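Position in the sequence shown counted from 1, then plus 244, gives you our numbering.
Ideal placement from N, C-alpha and C gives every residue a C-beta, glycine not left out.
Owing to the predicted nature of the structure, the values given are computational and were not obtained by experimental measurement.
Single-structure report; data block below.
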Amino acid sequence: MSTFEVQSELYEETDFATTDAANGNSISKFTFVYPKRLEDRRNNSNQWENGKSNDSDSDCAEKYANGGKCLNGSTNSINKDQDESESVTENGLSLDKDGDLILERKTKGVIEIEHSKSTKLDLVGLQIWRGALLLADYILHYEKRFKNRKILELGSGVGLTSIVSSFCAREVICTDINIGGLLKLIQANIDRNAHLKDPDCNVVVTELDFKVKYEDYSEYLKTQLQDVEYVICADVIYDDEITNAFVLALEGLLLELPKLKAVYIALEKRYVFTVEDMDSVAPSYEHFLRVFYRRNNRFGIARWKLKQVSTNFPRYFEYEKVKDLVLLKISN
């Protein structure tokens, strides 16, 4: 693996009010906007409810600007728990029962994360990359889907996406390999932002190494994983050797976790120009697809479905949502 230092583009794009920590790391503030439904539940805890999400991956962000209707013709509404005393005009404005305009004020929150600003390739988890913020946006937008669920994050890095998951989940298992003080840093970041999580959510930090087979996991970890319903991961596809291990780890989880509904993978396609192809290609992304399809079809039939999820949902965090960001979903 390369010994060169690499740095996430995030820090050049946005001012995160970064300060220096005493240990040489940095502490950045990631500002986000609360989705109205999540903010309502946070402000009125007796309205928290158990419910299954009917949101689909095809739900589109434009429904906010079209009175709850998608531009593609779908009439599925994200705002299914809208107060009955309110109505929505054709241009997306909310009216109260007297027909008066309701002015919504966006409520913002801040996640403080300790991280490195540059690292060698084998320690990129100590930084924050765009894929983590894309996945965080997705979880915020579809928080009803993840509400009261048990979520496993693979390759958690410094823990930002697990922290966002804790806003709505029943339990979050935050995992990575224990190198460079990574697990200790994750725990510190979770503790630093504990005031943001759902008070009933339990967050566990533990080691999970892609290179360890499922059958070799500790009994404690296997027990923890048995009722996991969603697996999430961001920015874990950047090195072919790690990707190979990641796919095998995914396969083990897909086979062994009886309640698993879906796996979500967020990443940014990194393009390079090759003489061989005489074109710009995304080698790490394409390698992942080759390895996954090879494993998925090795018995002559596709065991799992892999699809690309639309990223046409609102941006709740402050970052550049570039066109090369990809969100994948694996399910039965």
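Inspect the beta-carbon positions of residue i and residue j and report whether they are closer than 8 Å.
| i | j | result |
| --- | --- | --- |
| Gly-369 | Asp-453 | no |
| Asp-471 | Lys-503 | yes |
| Thr-555 | Leu-404 | no |
| Ala-261 | Ser-252 | no |
| Leu-550 | Leu-501 | no |
| Tyr-382 | Leu-571 | yes |
| Leu-384 | Val-354 | no |
| Phe-411 | Asp-442 | yes |
| Ser-575 | Ala-506 | yes |
| Tyr-563 | Leu-254 | yes |
| Arg-547 | Glu-473 | no |
| Ile-430 | Val-402 | yes |
| Asn-446 | Glu-415 | yes |
| Arg-239 | Lys-388 | There is simply no residue 239 to check, as the chain begins at 245 and stops at 576 in what is shown. |
| Val-525 | Leu-497 | no |
| Val-535 | Thr-487 | yes |
| Lys-573 | Tyr-508 | yes |
| Phe-557 | Phe-274 | no |
| His-577 | Asp-484 | Any property of residue 577 remains undetermined from this structure, which presents the chain solely from 245 to 576. |
On the criterion of 16 or more Cβ atoms from any shown chain inside 10 Å, does residue i qualify as buried, or is it exposed?
| i | result |
| --- | --- |
| Gly-425 | exposed |
| Lys-249 | Residue 249 is actually Glu in this sequence, not Lys. So Glu-249 counts as exposed. |
| Lys-567 | exposed |
| Asn-433 | buried |
| Gln-552 | exposed |
| Ile-395 | buried |
| Glu-257 | exposed |
| Ala-380 | buried |
| Leu-499 | exposed |
| Lys-428 | exposed |
| Ile-372 | buried |
| Tyr-537 | exposed |
| Ala-493 | buried |
| Phe-276 | buried |
| Ala-413 | buried |
| Phe-543 | exposed |
Can you find the residues in the same chain that come closer than 6 Å, C-beta to C-beta, to residue i, ignoring five residues on each side of it along the sequence?
| i | result |
| --- | --- |
| Thr-351 | Tyr-278 and Glu-283 |
| Lys-565 | Arg-559 |
| Thr-263 | Ile-271 |
| Leu-465 | none |
| Tyr-458 | Gly-496 and Glu-500 |
| Ala-489 | Phe-454 and Lys-455 |
| Ser-362 | Glu-249 and Gln-251 |
Looking at the strands, I want to know which residues DSSP matches up with residue i.
| i | result |
| --- | --- |
| Asp-420 | Glu-451 |
| Ser-270 | Asp-264 and His-359 |
| Phe-561 | Phe-276 |
| Gly-353 | Phe-276 |
| Lys-391 | BP columns for Lys-391 are empty, so no partner. |
| Lys-549 | Ser-575 |
| Lys-364 | Glu-249 |
| Leu-569 | Glu-512 |
| Asn-446 | Glu-415 |
| Glu-397 | Cys-418 and Ile-476 |
Residues in its own chain within less than 7 Å of residue i by CB, not counting five upstream and five downstream?
| i | result |
| --- | --- |
| Arg-436 | Glu-356 |
| Gly-375 | Ala-478, Asp-479, Ala-510, Leu-511, Glu-512 and Leu-569 |
| Asn-269 | Glu-358, His-359 and Ser-360 |
| Gly-399 | Gly-369, Asp-420, Cys-477 and Val-480 |
| Arg-539 | Val-491 and Glu-495 |
| Gly-317 | Summary for Gly-317: the model assigns pLDDT 35, below 50, so the residue's position carries little reliability; its value from the coordinates is reported in the next sentence. No residues qualify anywhere along the chain. |
| Arg-514 | Ala-526 and Ser-528 |
| Ala-265 | Ile-271 and Glu-358 |
| Phe-390 | Ile-383, Ser-409, Cys-412, Ala-413 and Tyr-474 |
Consider the Cβ of residue i: report whether some Cβ of chain B lies at a distance smaller than 8 Å.
| i | result |
| --- | --- |
| Leu-404 | You won't find chain B in this structure, because it holds only one protein chain. |
Residues in the same chain with beta-carbon distance under 8 Å from residue i, minus the five sequence neighbours each way, listed in chain order, please.
| i | result |
| --- | --- |
| Cys-418 | Glu-397, Ser-400, Gly-403, Ser-406, Ile-430, Ile-434, Val-447, Val-448, Val-449 and Thr-450 |
| Asn-422 | Glu-451 |
- Counting only runs of 4+ residues fully inside the stretch 490-547, write out the alpha helix (DSSP H) ranges in chain order. 527-540
- Message: Just to confirm the assignment: which complete alpha helix (DSSP H) runs, minimum length 4, are found wholly within the stretch 463-489?
- Response: 463-469
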